[in-house]
DNA sequence: CAGACAATCTTAGTGTGCTAACTATTATGC
DNA sequence: GCATAATAGTTAGCACACTAAGATTGTCTG
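Residue numbers (the working numbering), protein chains in the order written: chain D, 1 to 152; chain L, 1001 to 1152.
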């Protein structure tokens, strides 16, 4: 196996591990509040832009619609969001934060700020930007693989 | 929110997305073979080092033991591995690849090489090494957060 | 304008990850 | 040496992620 492949393998391993670690650690901090990492992601988006359709939200979070349905089911059970009918299209449901949802969004924002300082201690912004650009290029490559499959 | 926090948020988002994308795309390629990304990870480790205990394997894969149990259950159902008793410690089970497991490991290795070339097309080794080092530093920071919690 | 097509959300089923609690076995310590 | 603690693996229950297939509603085309 050439060196580059070895490095690529290590990259994938490290990516898998660090993302699982971050998700798990974040979850531990917020479980007491009926929250999780995916729910926090959704809360953030909704705090920025209310009354999105599920399709829009799924697109922004890059989740499948079916995945989002159950995520929203639980957020609804926990009183974080409401599904409201759309006046113009009866297929559509608009997602709105409840008052409790707004409060939790604010809480999570504060906690996330604190956690970020711990997670990224000693890390320069420039390093993060390079890594983001790298991940986006890889992401594009992965998408192209999927397109290739469709053609084949 | 300071610029650095904005960048850190983007980093987390991108990390979440790219790792999910990679896992999903890989899964699509191998589902027909009764394989998945986590199973492939386990196969790789076992191909390198047979007769590990479950605890050792869980440690190398950085998974909880309970997670590994079910992963191995399914790999056993698919005839990829065997659990063998340890002569010296009746609590321990040693994990061995079956013949079919060896074959699948070879198949997955070839497929993974091909996929890596697509995923990492146009990416320099040096970029990957920098990213790996960055993720390891973040990983360490995350671990320290957990330690802090235990102390608190 | 009717029937085919598309879009939106849901349900069902599988796989993976976690924590917590349990069983069986081995190690330790008084 | 026997009670206690630690270790190895399991089970149970929850949360997410996916695909595939279904129900309802809207759109478009012939």
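Note that CB positions come from ideal geometry on N, CA and C, so glycine has one too.
CB-CB under 7 Å to residue i, same chain, minus the five flanking residues each way: which ones, in chain order?
i                       : result
residue 1041 of chain L : 1061
residue 1034 of chain L : 1078
residue 65 of chain D   : 54, 55, 58
Would you kindly work out how many angstroms separate the C-alpha atoms of residue i and residue j, rounded to a whole number?
i                       : j                       : result
residue 1113 of chain L : residue 141 of chain D  : 15 Å
residue 11 of chain D   : residue 87 of chain D   : 48 Å
residue 1151 of chain L : residue 1145 of chain L : The predicted model places residue 1151 of chain L with a pLDDT of 45, which falls under 50 and marks its position as unreliable; any figure quoted below should be read in that light. So the alpha carbons of these two residues sit roughly 10 Å apart.
residue 1054 of chain L : residue 1044 of chain L : 15 Å
residue 1103 of chain L : residue 1076 of chain L : 15 Å
residue 22 of chain D   : residue 1107 of chain L : 32 Å
residue 1120 of chain L : residue 89 of chain D   : 43 Å
residue 124 of chain D  : residue 1091 of chain L : 47 Å
residue 1122 of chain L : residue 139 of chain D  : 12 Å
residue 1059 of chain L : residue 1068 of chain L : 10 Å
residue 128 of chain D  : residue 134 of chain D  : 10 Å
residue 131 of chain D  : residue 1115 of chain L : 21 Å
residue 1084 of chain L : residue 1072 of chain L : 12 Å
residue 32 of chain D   : residue 1024 of chain L : 30 Å
residue 1008 of chain L : residue 1093 of chain L : 42 Å
residue 126 of chain D  : residue 1003 of chain L : 11 Å
residue 109 of chain D  : residue 99 of chain D   : 15 Å
Find the nearest neighbour of residue i within the set the options, judged by alpha-carbon distance.
i                       : options                : result
residue 49 of chain D   : D/39, D/28, D/96, D/13 : D/96
residue 1006 of chain L : D/143, D/117, D/4      : D/117
residue 136 of chain D  : L/1013, L/1024, L/1126 : L/1013
residue 143 of chain D  : L/1071, L/1020, L/1004 : L/1020
residue 1017 of chain L : D/63, D/9, D/4         : D/63
For residue i, which residues in the same chain have their Cβ closer than 8 Å to its Cβ, ignoring the five residues on either side in sequence?
i                       : result
residue 153 of chain D  : An answer regarding residue 153 of chain D cannot be provided, because it is not within the stretch 1 to 152 covered by chain D.
residue 1074 of chain L : 1039
residue 1111 of chain L : 1029, 1030
residue 15 of chain D   : none
Among all the DSSP beta bridges, which residues are the ones paired with residue i?
i                       : result
residue 1053 of chain L : L/1094
Return the chain-ordered list of same chain residues with a C-beta closer than 6 Å to the C-beta of residue i, the five sequence neighbours on each side being excluded.
i                     : result
residue 36 of chain D : 27
residue 70 of chain D : none
Review point. Residue ranges of each alpha helix (DSSP H) run of no fewer than 4 residues wholly in the segment 82–149 of chain D, ordered along the chain?
Key: Runs found: 99–119.
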